[in-house]
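In the numbering used here, the protein residues as written are 56 to 390. Idealized CB from N, CA, C, for every residue including glycine. Just so it is clear, the structure is predicted and the values come from calculations on it, not from any experiment.
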Amino acid sequence: SVYRSHLVFERLLPEMRALASRPSPLMAPHYKKSGKRWVPCIRKRLTQSALPPSNGFLVIEANGGLNQQRISICDAVAVASLLNATLVSPAFHLNSVWRDSSKFGDIFDEDHFIETLRKHVRVVKELPENVSAQFDHNISSILNMRTKAFSSQSYYLEKVLPKLLELGAVRIAPFSNRLANSVPSNINALRCLANYEALRFSEPIRILADNMVDRMIKKSALTGGKYMSVHLRFEEDMVAFSCCIYDGDWKENIAMENARERGWRGKFRRPGRVINPEANRRNGRCPLAPIEVEMLVPRNCFEYARIATLLGPVRGTVTNFSKLSKDILNCYIQE
56 SVYRSHLVFE RLLPEMRALA SRPSPLMAPH YKKSGKRWVP CIRKRLTQSA LPPSNGFLVI
116 EANGGLNQQR ISICDAVAVA SLLNATLVSP AFHLNSVWRD SSKFGDIFDE DHFIETLRKH
176 VRVVKELPEN VSAQFDHNIS SILNMRTKAF SSQSYYLEKV LPKLLELGAV RIAPFSNRLA
236 NSVPSNINAL RCLANYEALR FSEPIRILAD NMVDRMIKKS ALTGGKYMSV HLRFEEDMVA
296 FSCCIYDGDW KENIAMENAR ERGWRGKFRR PGRVINPEAN RRNGRCPLAP IEVEMLVPRN
356 CFEYARIATL LGPVRGTVTN FSKLSKDILN CYIQE
């Protein structure tokens with residue numbers, strides 16, 4: 056399980072530079088085949104009949120990073136439909152790494168989310184006063200069902216629904232990957248509706264994104280406005296969770312053990328849990344280090360586009376980003 060990508064990089068760098076001077080077929084535009092085009096499948100899978108009376112309120116807590124939270128929200132919409140429940144705008148678990156206290160409405164356009172789903176799933180920003188009073192205005196007092204990952208449709212109908220009907224509200228926390236992939240197509244269509252139409256960023260975030268894109272296009276005038284944006288995420292928490300070895304010294308081992316304990320409190324020390332970095336690397340389960348990302352990006356692209364790189368503090372020594380930034384003349388790094 057010894058990490059050798061930085062050594063491979065040094066050996067291949069002359070060839071990679073040589074390839075950059077040759078025309079690349081990857082830079083040729085890809086045209087759609089005649090008679091074929093991608094079309095959204097959401098609408099043909101969804102019906103818009105009147106919603107029956109709600110069976111109660113579903114409260115979920117989305118954990119993990121932003122992408123995991125997005126998936127959790129889409130699953131929550133599907134589960135709310137399964138249970139014929141009213142979904143309360145998802146709460147976000149305060150991540151021990153990010154420590155971001157943002158609410159749903161800070162990140163996503165909450166009114167747009169509610170309106171888009173209006174004919175399919177009821178969504179409210181918070182519990183009604185009379186329902187909240189039943190639980191002493193304390194979300195933690197609502198029964199937490201603690202469902203297993205990838206729970207089936209039958210589980211929700213047989214285990215969760217009866218409690219929802221009995222209590223008027225149930226809570227599922229954490230709510231990460233709590234719905235199986237194999238559910239009826241109309242339920243999966245709601246996942247798609249939530250993901251591609253109901254979820255959009257809040258206005259301040261959209262304005263910031265538009266400004267960033269405009270700035271990159273202007274700075275890429277010599278390349279016809281073309282640019283490549285790479286988000287390198289190689290931070291302590293994800294490296295620790297992967298249980299992979301990079302630097303391989305005792306300092307790294309101690310740092311990763313501490314990070315795992317800090318973030319997941321004993322999950323990796325449970326009886327029967329085996330950490331096998333060699334098997335993880337052999338099975339392709341180790342996150343790509345920045346140098347490995349460079350080896351994947353066609354060298355020819357660097358001649359045609361400026362590259363903007365967004366990353367947080369990059370850990371490690373042999374995995375650092377310095378060689379990449381020095382080798383690419385058009386590379387701009389925003390930490």
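* To do: Could you name the residues that DSSP lists as bridge partners for ARG226?
  => VAL114, ASN199
* In the DSSP assignment, find the unbroken beta strand (DSSP E) run with SER284 in it and report its ends. => 282–287
* Counted within 10 angstroms of its Cβ, other Cβ atoms place PRO332 as buried (16 or more) or exposed -> It is buried - the Cβ of PRO332 has at least 16 other Cβ atoms within 10 Å.
* Can we say the stretch 170–184 touches the stretch 141–150, given the rule of at least three CB pairs closer than 8 Å? -> yes
* **Spatial neighbours of ARG246 in its chain, beta-carbon cut-off 8 Å, leaving aside the 5 residues before and after** => CYS129, ASP130, VAL132, ALA133
* Asked: Nearest-angstrom Cα distance between ALA276 and ARG324?
  -> 53 Å
* Asked: Expressed to the nearest angstrom, what Euclidean distance is found between the alpha-carbon atoms of ASN266 and ALA314?
  -> 35 Å
* Asked: Under the three-state reduction of DSSP, which class applies to VAL373: helix, strand or coil?
  -> Reliability of the predicted coordinates at VAL373 is poor, the pLDDT of 48 falling under 50, and the value obtained from them is presented with this limitation in mind. DSSP places VAL373 in coil when its eight states are reduced to three.
* ALA314 - DSSP class collapsed to helix/strand/coil -> helix
* Asked: CYS341: which of ILE309, GLY318, ILE300, ARG320 sits nearest, CA to CA?
  -> The candidate whose alpha carbon is nearest that of CYS341 is ILE300.
* Could you name the residues that DSSP lists as bridge partners for ALA73? => According to DSSP, ALA73 bridges with nothing at all.
* Asked: Roughly how many whole angstroms lie between the Cα atoms of LYS281 and ARG125?
  -> 28 Å
* Identify, in the order they occur along the chain, each residue of the same chain with its Cβ nearer than 7 Å to the Cβ of TYR211, setting aside the five sequence neighbours on each side. => VAL134, LEU137, LEU138
* To do: Report yes if the C-beta distance between SER127 and SER231 is below 7 Å; otherwise report no.
  => yes
* Asked: In whole angstroms, what separates the C-alpha of ASN243 from that of ASN236?
  -> 8 Å
* Roughly how many whole angstroms lie between the Cα atoms of GLU258 and GLU70? -> 46 Å
* **Burial state of ALA140, where buried means 16 or more other Cβ atoms lie within 10 Å** => buried
* To do: Could you check what DSSP says for ALA146 in three-state terms: helix, strand or coil?
  => ALA146: strand per DSSP, three-state reduction.
* Where THR202 and HIS175 are concerned, what is the direct C-alpha to C-alpha distance, given to the nearest angstrom? -> 24 Å
* Asked: By a C-beta neighbour count over all protein chains shown, 10 Å radius and 16 as the cutoff for buried, is TYR251 buried or exposed?
  -> Exposed is the call here.
* **Under the three-state DSSP convention, the category VAL215 falls into** => helix
* The alpha helix (DSSP H) spanning ALA133 covers which residue range? -> 121–138 is the extent of the alpha helix (DSSP H) around ALA133.
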